[in-house]
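Protein chains in written order, with our numbering: chain F, 996 to 1075; chain H, 996 to 1075; chain W, 11 to 243; chain B, 2 to 735.
We put the CB at the ideal spot given by N, CA and C, even for glycine.
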Amino acid sequence: MKARVVVTLKNGVLDPQGKAIEGALASLGFDGVGEVRVGKVIDLELKATDKAAAEAEVKAMCERLLANTVIENFAVQFVG
Amino acid sequence: MKARVVVTLKNGVLDPQGKAIEGALASLGFDGVGEVRVGKVIDLELKATDKAAAEAEVKAMCERLLANTVIENFAVQFVG
Amino acid sequence: MKAAVLVFPGINRETDMAKALAAVSGVKPAMVWHTDTDLPAGTDLVVVPGGFSYGDYLRCGAIAARAPIMRAVAAHAERGGLVLGVCNGFQIITEAGLLPGALVRNASMKFICKEVNLKVENRETAFTSAYRHGQVIRCPVAHGEGNYVADDGTIAELEAEGRVVFRYCDPTGHISPAANPNGSTNAIAGIINARGNVLGMMPHPENLIEALHGGLDGRPLFDSLVAALPKAA
Amino acid sequence: MLRNDVPITPELVKSHGLKPDEYQRILDLIGREPTLTELGIFSAMWNEHCSYKSSKKWLKTMPVSGPRVIQGPGENAGVVDIGDGQAVIFKMESHNHPSYIEPYQGATTGVGGILRDVFTMGARPVACMNALRFGEPDHPKTKHIVSGVVAGIGGYGNSFGVPTVGGEVNFHPRYNGNCLVNAMAVGLADTDKIFYSKAEGVGLPVVYLGSKTGRDGVGGATMASAEFDDKIEEKRPTVQVGDPFSEKLLLEATLELMKTGAVVAIQDMGAAGLTCSAVEMGAKGDLGLELNLDAVPCREPGMTAYEMMLSESQERMLMVLHPDKRAAAEAVFRKWGLDFAVVGYTTDTLRFVVKHHGEVMADLPIKELGDQAPEYDRPWVAAAKRPVIGAGDVPAVDIADALEKIIATPDMCSRRWVWEQYDHLIQGNTAQRPGGDAAVVRVEGTRKGLGISCDVTPRYCEADPFEGGKQAIAEAYRNLSAVGALPIAVTDNLNFGNPEKPEIMGQFVGCVQGISQACIALDFPIVSGNVSLYNETNGQAILPTPAIGGVGLMADVEQMATIALKPADEAIVLIGATEGWLGQSIYQREFAGREEGAPPPVDLASERRHGEFVRGLIEQGRIATVHDLSDGGLAVAVAEMAIAGKRGARVEASGQIADHAYFFGEDQGRYLIAAPRAVAEAVVAEAVAGGIPAAIIGSVGGSELQLGASRAILVSKLHHQHEAWFPAYMSQEL
Ligand SMILES: Nc1ncnc2c1ncn2[C@@H]1O[C@H](COP(=O)(O)OP(=O)(O)O)[C@@H](O)[C@H]1O
Ligand SMILES: [Mg+2]
């Protein structure tokens, strides 16, 4: 089974990286772009076969390691 | 309109961050995890209203800046 | 020698580089702002220095590589002019397509600042003629993303054509994982383009050019450039 | 009349960290109920962090002047003359609470804040230091905090482009619930181009510079003054994210701006952001100030006046502008891609007026906001004196065994793992890298050098705050002298627990008095500093930790001494008196399992004489190898010299003092010197003639270290033992 974790910054948390990309896109002439926010995707291959168990496990991984829950949110998707 | 760009490393390109997470998850006792790969999400707010035009524009942004096509793949999703 | 040092927002080793160029060549380089579209007339060496252009945000070097001045740099390289990219500069010229491959996060995932040893693998370049072939030199590194990667074909080509100019090694010249500070493929520390006029390297020769730095092993790189280029008027 | 939408309840007052009597003081001052924005402004100005209400009484007693001091405490940073029209500008600051909550971002914003303090005054930062205290290594949170804090300090300084050249790291269970992250920045400026925060002139524009304002850290300064409890999780959203890239741009833009002559006064926005900076600029200049918040560049829509006034978004400055230089000033900021907005002007009303959407949100007396903050004379009790521990009360262990063990402990092992993550070479002026007694940075374009050292021994301060305070200053003095730098001034970061407890207040008072006495005796004035109180979790306070950042000056960096043993056949000289003081020593802790007794006393007169003597020898070019003795005493010092020089040495036993006390005692005021035998003999003769205890105690040579009659140890083995712990510990990092 494959899981994809998407980690994004919480609302209101400064995203210097997003800001820099915003500026770069504008100076490349892409002027239709508003706010840009950057996050991470973490793709995991899991040995688990039971989806519910896998979901709980990945959630635990996010809380303990993959996301910095002080400033980040996470979402888990399953593929296949 | 909002677009989400997902940038992932091409197959075969070394991913030190993924490797580090693999090791860390194992040492936390999550032993059902195989390969881990880390990528980026870039969420863009677009002024465009025409989806096809927006799609072409975001693709151009990816090729010109958001992804390094030497080592990365990208995918574009639209939300709302 | 008429050198131009590029300045992007967030670049921070431009002064170190300018001081080294001036100390060795006796001529102060021009400092060129990223939004300029032309190099100063008569520029024969472009140096893209180290630092954190645009905070290393998105990918290191990515945003700087698309700055207006980079078109002039590409044209300069196209004409056979010399280009030296050090650290962030290496990342920038690689992102700009002047060199193949990419630089990714150090295998340790940590920024590393320390002195390493380098083996001079190719002294037949305008950048390295003052070194001996196979010479082992000391040189500091200071980077978080100096791990050179490229597809197998590119690596094979670089190796076959002698385009790996510097390799990380131990003090005796031995290449080993322990002597490789960032996990770089084949311990690559610096490469040159096929034409031999564009060199990119992660280590900082500009930080080892006087007694205060604890050594002079960075100097021959600048000596080589002085020898290769006409004396500035 | 101001509109008051939100009733000010006792709960609301309490949640702003204001005590009932403090609130009463506000009512008396303004003669009406404050608006919510005003309450927020008062809470920001009157919390411990900004008002120093518990510490002010004692800070006033510290020695802050001297012939070199251009600016002492009270500005963004201290300014000290280094001759030739140049000044060194420096300060230390804590980011303890934020770093405990979010280690990486807490540390980055700490470094960012202190750098801003320094370049706000017109100085280009040339070095950073950091003093870190973590909980015991086995505590479940420690590794995560170490990892994040170190990466954060590096992440900010490396990107900003300043070398991080040294610091301190300690582990102790008393920091389990409160780590300490103290960052120091040092900059250089011309003495006639220093900028201050005092506003001058009525009707001048007040300009906002830098990054946009978001809701970051709303209430942050209040948090920094609150004791932690188990509800710590709830305080999380106040975390701020550092942006070293923007700060680098802000640095370049600010220094460029200063050259245009546009700056009348300038102040960085640190704790309590816009509020604190605006009030301070106005109050110092005896001026009023009116802000129009509609002009403040905001990152998020719908921000209220309250949020804007309390936001701690980073990388921002406030400036009073020469009106005729506006265009030039704005062009500089646009060039660097930063925000530039006129957000108000100075007035002659002595009122601090804040308007938003055309409405007055606050109208307060500006002087009183700053000057009339409560000031407490908190009750304190002096710590009971502890007994002197004799050598016989501490078990004797084989010297070689003891050394091998001590040199590999978390507190004594090499910090290489830490400082290799810091760019310590950038700017090309680092003459002495981390790992020696003090960092040395050349003054760009000259032969002069600045020595920088961070010191304090918290276990000494706990055992005897007064002696511990003295010792912290003495050790900084010694570290600087050991490299050959004349100690010229000090910054401090006084980290303590809850000052409302008389024992804690007693620690504070004792340390301040000890520091003061030592500074006077050593001509080593305090020019800047910071106080961090309420470092307690569930009633458990940290060890009293008055971190000292010392700065010294040398005429010629090429003369500097280092700790590494150089050619063989040199003699080793010990300067200073050895009794074998084991109370509170590392040796006692390791082998008796106790931190007991009185700490070693510091004799300030001999400290000074020994320092001057050693510095003299270095300046005359007679010696190049010096190490001061501190934690772990003689054995550890000579081992560090051997490891650094990759050379062996042998040191004879004393004959009078028991081996373990002689080799591991932590008597103060001592240095080790290595020099050719003839020089060493002359040095000893001169010292003794001048009343300074000195003797040749050993010699350099071979590949082993031998202490007394104990077995010889290969230096390469010691090296390995010294380097092993940190990377091994952190390799299991998560
Ligand atoms: N946090 C740190 N960052 C950088 N360097 C450090 C840090 N902690 C310790 N060091 C360096 O390691 C060396 C030893 O530190 P320490 O044992 O505290 O020295 P001393 O006892 O002489 O004051 C010093 O050079 C110091 O600057
Ligand atoms: Mg020392």
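Q: Please report how far the alpha carbon of residue 66(B) lies from the alpha carbon of residue 290(B), in whole angstroms.
A: Sequence index remark: in the fourth sequence, residue 66(B) carries index 65 (1-based). Sequence index remark: in the fourth sequence, residue 290(B) carries index 289 (1-based). One C-alpha to the other measures close to 31 Å.
Q. Using the C-alpha atoms, what's the distance from residue 80(B) back to residue 71(B)?
A. Here the question's residue 71(B) lines up with position 70 in the fourth sequence. Here the question's residue 80(B) lines up with position 79 in the fourth sequence. In a straight line, the C-alpha of residue 71(B) is about 5 Å away from that of residue 80(B).
Q: Go to residue 356(B), then tell me how far its beta strand (DSSP E) extends in each direction, as first and last residue.
A: Locating residue 356(B) in the fourth sequence gives position 355, counting from the first residue. First-last of the beta strand (DSSP E) with residue 356(B): 352–357.
Q: Measure the C-alpha to C-alpha separation of residue 8(B) and residue 516(B) and round it to an integer number of angstroms.
A: What you label residue 8(B) is simply residue 7 of the fourth sequence in a count that begins at 1. What you label residue 516(B) is simply residue 515 of the fourth sequence in a count that begins at 1. The alpha-carbon atoms of residue 8(B) and residue 516(B) are separated by roughly 46 Å.
Q: My understanding is that residue 205(W) touches residue 131(W), with C-beta atoms under 8 Å, so please give their C-beta distance in whole angstroms.
A: For this step, residue 205(W) is matched to residue 195 along the third sequence. For this step, residue 131(W) is matched to residue 121 along the third sequence. Contact flag wrong, Cβ pair sits at about 18 Å.
Q.
Does any residue of chain F have a CB that is nearer than 8 Å to the CB of residue 301(B)?
A. Sequence index remark: in the fourth sequence, residue 301(B) carries index 300 (1-based). Taking Cβ atoms only, chain F reaches closer than 8 Å to residue 301(B), which makes this a yes.
(Q) Would you say residue 158(W) lies against chain F (beta-carbon separation less than 8 Å)? (A) Within the third sequence, residue 158(W) is the residue found at index 148, counting from 1. With 8 Å as the cut-off, residue 158(W) does not count as an interface residue toward chain F.
Q.
Can you check whether the C-beta of residue 1020(F) is within less than 8 Å of a C-beta belonging to chain H?
A. Looking up residue 1020(F) in the first sequence gives position 25. Cβ-Cβ to chain H under 8 Å: yes for residue 1020(F).
Q.
Does the segment 380–398 of chain B come into contact with the segment 460–474 of chain B, if we say contact requires no fewer than three beta-carbon pairs (one atom in each stretch) closer than 8 Å?
A. yes
Q | the segment 14–34 of chain W: positions lying closer than 9 Å to chain B by Cβ | A | For chain B, the residues of the segment 14–34 of chain W that bring a beta carbon within less than 9 Å of one of its beta carbons are 19, 20, 21, 22, 23, 25, 26, 29 and 30, in chain order.
Q | residue 205(W) - DSSP class collapsed to helix/strand/coil | A | By one-based count along the third sequence, residue 205(W) stands at place 195. Correct three-state label for residue 205(W): coil.
Q: Would you kindly check if the distance between the Cβ of residue 608(B) and the Cβ of residue 475(B) is under 8 Å?
A: To locate residue 475(B), count along the fourth sequence from 1; it is residue 474. To locate residue 608(B), count along the fourth sequence from 1; it is residue 607. Their beta carbons are under 8 Å apart, which means residue 475(B) touches residue 608(B) by this criterion.
Q: State the Cα-Cα distance for the pair residue 524(B) and residue 580(B), rounded to the nearest angstrom.
A: On the fourth sequence, position 523 is the one that residue 524(B) refers to. On the fourth sequence, position 579 is the one that residue 580(B) refers to. Those two C-alpha atoms are separated by around 27 Å.
Q: Can you tell me which of 127(W), 86(W), 114(W) and 170(W) puts its alpha carbon nearest to the alpha carbon of residue 150(W)?
A: Counting from one through the third sequence, the residue named residue 150(W) turns up at place 140. Of the listed residues, the one whose Cα sits closest to residue 150(W) is 127(W).
Q. Are the C-beta atoms of residue 1058(H) and some chain F residue less than 8 Å apart?
A. Position 63 of the second sequence, counted from the start, is the residue given in the question as residue 1058(H). Closer than 8 Å: no.
Q. Could you give the C-beta distance for residue 407(B) and residue 591(B), rounded to a whole number, given that I count them as a contact under 8 Å?
A. Here residue 407(B) corresponds to residue number 406 of the fourth sequence, with the count starting at 1. Here residue 591(B) corresponds to residue number 590 of the fourth sequence, with the count starting at 1. Right, their Cβ atoms sit about 6 Å apart.
(Q) For a quick check, are the C-beta atoms of residue 140(W) and residue 48(W) less than 8 Å apart? (A) Looking up residue 140(W) in the third sequence gives position 130. Looking up residue 48(W) in the third sequence gives position 38. No, the Cβ-Cβ distance between residue 140(W) and residue 48(W) is not below 8 Å.
Q.
Starting from residue 151(B), trace the alpha helix (DSSP H) in both directions and tell me its first and last residue.
A. Numbered from its first residue, the fourth sequence carries residue 151(B) at position 150. Start and end: 143–161.
Q.
Looking at chain H, is there any beta carbon in it that lies within less than 8 Å of the beta carbon of residue 193(W)?
A. On the third sequence, residue 193(W) is found 183 positions in, with the first residue counted as 1. Closer than 8 Å: yes.
**Q.** Span separating the alpha-carbon of residue 485(B) from that of residue 616(B)
**A.** Stepping through the fourth sequence from its first residue, residue 485(B) is reached at position 484. Stepping through the fourth sequence from its first residue, residue 616(B) is reached at position 615. Distance between the alpha carbons of residue 485(B) and residue 616(B): 5 Å.
Q. Can you give the beta carbon distance from residue 121(W) to residue 210(W), rounded, assuming they're within the 8 Å contact cut?
A. One-based indexing of the third sequence puts residue 121(W) at position 111. One-based indexing of the third sequence puts residue 210(W) at position 200. Going by Cβ atoms, the distance from residue 121(W) to residue 210(W) rounds to 19 Å, so no, they are not a contact pair.
Q: Report the partner residues of residue 1031(H) according to the DSSP bridge assignment.
A: Against the second sequence, residue 1031(H) aligns to sequence position 36. In the DSSP output, where bridge partners are listed per residue, residue 1031(H) has 1039(F).
Q.
For residue 93(W), tell me which candidate among 12(W), 188(W) and 21(W) has the shortest Cα-Cα distance.
A. Position 83 of the third sequence, counted from the start, is the residue given in the question as residue 93(W). Of the candidates 12(W), 188(W) and 21(W), the one whose C-alpha sits nearest the C-alpha of residue 93(W) is 12(W).
Q. Which whole-angstrom value describes the C-beta separation of residue 179(B) and residue 293(B), a residue pair presumed to lie in contact below a C-beta threshold of 8 Å?
A. Here residue 179(B) refers to the residue found at position 178 of the fourth sequence. Here residue 293(B) refers to the residue found at position 292 of the fourth sequence. With a Cβ gap of about 40 Å, residue 179(B) and residue 293(B) do not count as contacting.
Q) Closer than 7 Å, Cβ to any Cβ of chain F: which residues of the segment 1032–1055 of chain H, in chain order? A) 1032, 1033, 1034, 1035, 1036, 1037, 1038, 1039, 1040, 1041, 1042, 1043 and 1052
Q: Could you name the residues of chain W that residue 1016(F) contacts, counting a contact when the two beta carbons are closer than 8 Å?
A: By 1-based counting over the first sequence, the position of residue 1016(F) is 21. Correct list: 67, 68 and 73.
Q.
Does chain F have any CB closer than 8 Å to the CB of residue 22(B)?
A. Indexing the fourth sequence from 1 puts residue 22(B) at position 21. Output row for residue 22(B): interface = no.
Q | Among 84(W), 71(W) and 65(W), nearest to residue 1063(H) - alpha-carbon criterion | A | Walking along the second sequence from the start, residue 1063(H) turns up at place 68. When only C-alpha atoms are compared, the closest one is 71(W).
Q: Might you give, ordered along the chain, the residues of its own chain that have their beta carbon closer than 8 Å to the beta carbon of residue 605(B), omitting 5 neighbours on each side?
A: Locating residue 605(B) in the fourth sequence gives position 604, where the first residue counts as 1. Hits under 8 Å: 471, 475, 518, 519, 522 and 523.
Q: Could you name the residues of the same chain whose beta carbon sits closer than 6 Å to that of residue 233(B), not counting the 5 residues immediately before and after it, in chain order?
A: Taking the first residue of the fourth sequence as 1, we reach residue 233(B) at position 232. In this predicted model, residue 233(B) has a pLDDT of only 40, less than 50, meaning its place in the structure is not dependable; the value taken from the coordinates is given anyway. So no residue of the chain qualifies.
**Q.** C-alpha distance - residue 303(B) paired with residue 13(B), whole-angstrom precision
**A.** Position 302 of the fourth sequence, counted from the start, is the residue given in the question as residue 303(B). Position 12 of the fourth sequence, counted from the start, is the residue given in the question as residue 13(B). In a straight line, the C-alpha of residue 303(B) is about 22 Å away from that of residue 13(B).
Q. In whole angstroms, what is the alpha-carbon distance linking residue 409(B) and residue 392(B)?
A. In the fourth sequence, counting from the first residue as 1, residue 409(B) sits at position 408. In the fourth sequence, counting from the first residue as 1, residue 392(B) sits at position 391. Between residue 409(B) and residue 392(B), the C-alpha separation is close to 23 Å.
Q) Is residue 173(B) closer than 8 Å to residue 500(B) when the C-beta atoms are compared? A) To locate residue 500(B), count along the fourth sequence from 1; it is residue 499. To locate residue 173(B), count along the fourth sequence from 1; it is residue 172. Not closer than 8 Å, so no.
Q) What does residue 1008(H) reach in chain W if we use C-beta pairs closer than 9 Å? A) Counted from its first residue, the second sequence places residue 1008(H) at position 13. Simply 112, 114, 159 and 161.
Q) If you follow the beta strand (DSSP E) that residue 550(B) is part of, which residue opens it and which one closes it? A) If you number the fourth sequence from 1, residue 550(B) lands on position 549. 546–555 is the extent of the beta strand (DSSP E) around residue 550(B).
Q. Which residues in the same chain have their Cβ closer than 7 Å to the Cβ of residue 244(B), if we skip the five residues on either side of it in sequence?
A. On the fourth sequence, position 243 is the one that residue 244(B) refers to. Counting only Cβ-Cβ distances below 7 Å, and skipping sequence neighbours, we find 212, 315 and 316.
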